[in-house]
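Data block below; observations after.
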Amino acid sequence: MLQYMEADRALLAETDTEIVEFKAQMSLLRQKIAGSEDTRKLVQGRLQSYKYPVLSLPNEIVSEIFLHFIPPYPHPAHPVAEDSPAVLARVCRKWREIALATPSLWRAITMSSAISKSALLWAERSRSCLLSIDGCGSGPFIMLPRDRWEYLKLRLGRDGPDISAISFPHLRSLQLTAQQSQQSRHSFTLRDVPLLRSVSLDYANSATIDLPWAQLNVFHMSNTRLSKCMPILRNSPRLERCVLHFWVQGPSDNPDSDILLPQLQSLYLRPFSTSLEALLRNLVAPALLRLALAENLIPADSVIDTIQSFISKSECKLQELNISYATISEASYRIAFPSIDKISVYPGKAPDFSSLEAF
Numbered sequence: 001m002l003q004y005m006e007a008d009r010a011l012l013a014e015t016d017t018e019i020v021e022f023k024a025q026m027s028l029l030r031q032k033i034a035g036s037e038d039t040r041k042l043v044q045g046r047l048q049s050y051k052y053p054v055l056s057l058p059n060e061i062v063s064e065i066f067l068h069f070i071p072p073y074p075h076p077a078h079p080v081a082e083d084s085p086a087v088l089a090r091v092c093r094k095w096r097e098i099a100l101a102t103p104s105l106w107r108a109i110t111m112s113s114a115i116s117k118s119a120l121l122w123a124e125r126s127r128s129c130l131l132s133i134d135g136c137g138s139g140p141f142i143m144l145p146r147d148r149w150e151y152l153k154l155r156l157g158r159d160g161p162d163i164s165a166i167s168f169p170h171l172r173s174l175q176l177t178a179q180q181s182q183q184s185r186h187s188f189t190l191r192d193v194p195l196l197r198s199v200s201l202d203y204a205n206s207a208t209i210d211l212p213w214a215q216l217n218v219f220h221m222s223n224t225r226l227s228k229c230m231p232i233l234r235n236s237p238r239l240e241r242c243v244l245h246f247w248v249q250g251p252s253d254n255p256d257s258d259i260l261l262p263q264l265q266s267l268y269l270r271p272f273s274t275s276l277e278a279l280l281r282n283l284v285a286p287a288l289l290r291l292a293l294a295e296n297l298i299p300a301d302s303v304i305d306t307i308q309s310f311i312s313k314s315e316c317k318l319q320e321l322n323i324s325y326a327t328i329s330e331a332s333y334r335i336a337f338p339s340i341d342k343i344s345v346y347p348g349k350a351p352d353f354s355s356l357e358a359f
């Protein structure tokens, strides 16, 4: 019995010693915690008093930065996309105030029935700015203030509103796209568009499109028959830049007389198949400076002769020639066309000159 009691007394003493040591350690830890808390308060105070450089910038500079964040006008951002001005307005109160005070942030609008409310809100925030609208022809795009439309991109629907009698005083550019299977079912007319200068038609039957062709400077037509392009070209004497992407079907597609485009400077031909000979034989462009076409769409034994005949008939001073899908060497082209400053020959597909910005 005495032996067990001695052991317990020893264990008790040892435990008391450990408790004293633990209390000493706890006291030291409390001191360290208190010191760390003081340091934390000090650092937090400094951070709270710190002004981030972007928040110290003048509002005008921040507004300009915002304008470089969104897609360049007239390209719109989807309201929920990462490059949408709506994203900027959600960062903090100051940024929201700046964004809402910058009308140019909201002038490029994506429009559809699903997001018509946000589109109308953006139009309101854009104040008096001219608008770029990307919408569906059967959607409520017509509700946007029409006196401010500058760029209009529409996907035609079967039940689109009739806007032929409406005036669009500032409309400069129009892009129309129809579904391939429905291209003959659509009709679109604009008459009172005094500033309209650029038109792009994709899968849109020209017989159903009524526009003031005579005032156009830029024309882009894709995925249609050559015969559908001809009436437009004949009625567009002021064209300066033109992109044609067509297919030819039958002899009726061959022009029956010359087409004179006296101001045309850039021509980009992108046919699906068959020959370009018919078009080049009947097209006259005395001011042409830049020409791009596919070599494989001219009979192999007459490529250079066809281009030479076109240049000779037009009496143009061509400065740039771009040939895609070429089998003839660049050296041969340079020998045939010594007066052309820039000749680019591509064995396959050439760079896309559709926008004509770099061509």
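Residue numbers (our numbering): 1 to 359. Quick reminder that beta carbons are idealized off the backbone N, C-alpha and C, glycines included.
What span of residues does the alpha helix (DSSP H) with residue i cover, start to end?
i: V193; result: Here V193 belongs to no alpha helix (DSSP H), and DSSP marks it neither H nor E.
i: P175; result: What sits at residue 175 in the sequence shown is Gln, not Pro. Here Q175 belongs to no alpha helix (DSSP H); instead the beta strand (DSSP E) covers S173 to T177.
i: N282; result: E277 to N282
i: S324; result: From DSSP, S324 is part of no alpha helix (DSSP H) but of the beta strand (DSSP E) over E320 to S324.
i: I311; result: V303 to S314
i: T331; result: First, the residue type needs correcting, since residue 331 is Ala and not Thr in the sequence shown. Its alpha helix (DSSP H) spans residues E330 to A336.
Leaving out five residues on either side along the sequence, give the residues of the same chain with a beta carbon under 7 angstroms from the beta carbon of residue i.
i: L239; result: L216, N217, F219, L261, Q263 and L264
i: A350; result: A292, N322 and S324
i: R146; result: I166 and F168
i: A326; result: E295, V345, Y346 and P347
i: T17; result: none
i: L55; result: K94
i: L100; result: A89 and R125
i: F188; result: L156, L176, T208 and I209
i: R9; result: none
i: I298; result: S275, L276, E277 and T306
i: P286; result: P262, S314, E315 and C316
i: S312; result: none
i: F69; result: D83 and L88
i: F359; result: Low local confidence applies: a pLDDT of 46 at F359 is under 50, so the model's placement there is unreliable, with the coordinate-based value given in what follows. For F359, where only same-chain residues beyond five positions count, the Cβ hits under 7 angstroms are S266, Y268, R290, A292 and F353.
How is the beta strand (DSSP E) around residue i delimited, first residue to last?
i: A350; result: First-last for A350: undefined, no H or E at that position.
i: R290; result: R290 to A294
i: L267; result: S266 to L269
i: R225; result: V218 to R225
i: E82; result: No beta strand (DSSP E) contains E82, which DSSP labels as neither H nor E.
i: S344; result: K342 to V345
Measure the beta-carbon distance from residue i to residue j and round it to whole angstroms, keeping in mind my assumption that it falls under 8 angstroms.
i: G135; j: L156; result: With 8 angstroms as the limit, G135 and L156 do not qualify as a contact, their Cβ atoms being about 11 angstroms apart.
i: L289; j: Q319; result: 5 angstroms
i: R125; j: W106; result: 4 angstroms
i: L196; j: P212; result: 6 angstroms
i: F66; j: I33; result: That pair is no contact at about 45 angstroms.
i: L121; j: M143; result: So it is not a contact: roughly 12 angstroms between Cβ atoms.
i: P71; j: A123; result: 17 angstroms between Cβ atoms; not a contact.
Leaving out five residues on either side along the sequence, give the residues of the same chain with a beta carbon under 6 angstroms from the beta carbon of residue i.
i: D258; result: N282 and V284
i: Q175; result: K153 and S200
i: F310; result: L280
i: T110; result: P76, H78 and D134
i: L190; result: L211
i: K342; result: E320
Enumerate in chain order the residues of its own chain whose CB-to-CB distance from residue i is below 8 angstroms, with the five nearest sequence positions on each side excluded.
i: E150; result: P74, L130, L131, S132, H170, L171, R172 and S173
i: S128; result: P103 and R148
i: P237; result: A214, L260, L261, P262 and Q263
Within the present structure, is the beta-carbon of residue i separated from the nearest heavy atom of the ligand NAD by less than 7 angstroms?
i: P338; result: Inclusion of the ligand NAD in the displayed structure is not the case, the ligand content being empty and no account of it being possible.
- request: Run through the segment 26–60 for me and flag every whole beta strand (DSSP E) of 3 or more residues, listed as ranges in chain order.
  value: You should have found no qualifying run.
task: Would you list, in sequence order, the uninterrupted alpha helix (DSSP H) runs of no fewer than 4 residues that lie entirely inside the segment 92–156?
output: Look at the segment 92–156 and you find these whole runs of alpha helix (DSSP H), each 4 residues long or longer: 93–100 and 116–125.
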